[in-house]
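For reference, the structure is listed below as structure tokens.
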Amino acid sequence: MTRRKKIGDVYRFDFDKKFHCYCQILEASDVVFFNFYSDSENDNIDEVIEKDELFRIWLDRDCLKSDKWQFICHKELSAERKIVFDKYNNPAGGTDFFILRNEKNAEFIKVAREQCFGLELAAAWTELGIIDRLNYSFFGIPLPMHIKKDIPFYE
């Protein structure tokens, strides 16, 4: 039976045949991936969760059910990890842009495109999309075109 995720849970994600990384469940359905990957079985989790954030995203509900994800432990969130970031939405790729300010009440505010720069798309990421993004972030492997389109402000 799959473990129910809780805020503060830390997971190992085997995103590659050789390497793994770690993420932590945050408030508002966010998940933070840390700027750390390893091939060691002896990673110090306390040191890992102090690393810089690589990115924060929403996970597709099936991600943690895969055998590539392993629950490691529960750790209290640091103050900076408790901050909930805005996300953006661009319905149907049109000219209208919105910022999601309150995930629980789905409060979308219409904004100029430039106000969305640096924000994450308000969408859940599949496991394959996360793997692509980690490979880009850690190893510089180019993102597939569909992901480049999904995150137009990601460099």
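Just remember that the numbering used here sits 1 ahead of the position in the sequence shown, which is counted from 1.
A virtual CB, placed ideally from N, CA and C, is assigned to each residue, including glycine.
Pair within 8 Å by beta-carbon distance, residue i and residue j
i: Ile-26; j: Lys-52; result: no
i: Phe-205; j: Cys-24; result: What the structure shows of the chain is the stretch from 2 to 156, and residue 205 is not part of that stretch, so it cannot be assessed.
i: Ile-100; j: Leu-129; result: no
i: Asp-40; j: Lys-19; result: yes
i: Phe-139; j: Trp-70; result: no
Cβ-based burial, residue i [other Cβ within 10 Å; buried from 16]
i: Asp-31; result: buried
i: Lys-88; result: buried
i: Asp-68; result: exposed
i: Asp-10; result: buried
Three-way DSSP call (helix, strand, coil) for residue i in this model
i: Ser-39; result: strand
i: Ile-73; result: strand
i: Asp-53; result: coil
i: Leu-27; result: coil
i: Leu-60; result: strand
Residues bridged to residue i (per DSSP)
i: Phe-14; result: Cys-22, Trp-70
i: Asn-90; result: Phe-99
i: Val-32; result: Ile-26, Ile-58
Would you mind listing the beta strand (DSSP E) stretches within the stretch 92-143 that are 3+ residues and don't spill past its ends, in chain order? 98-103, 108-112
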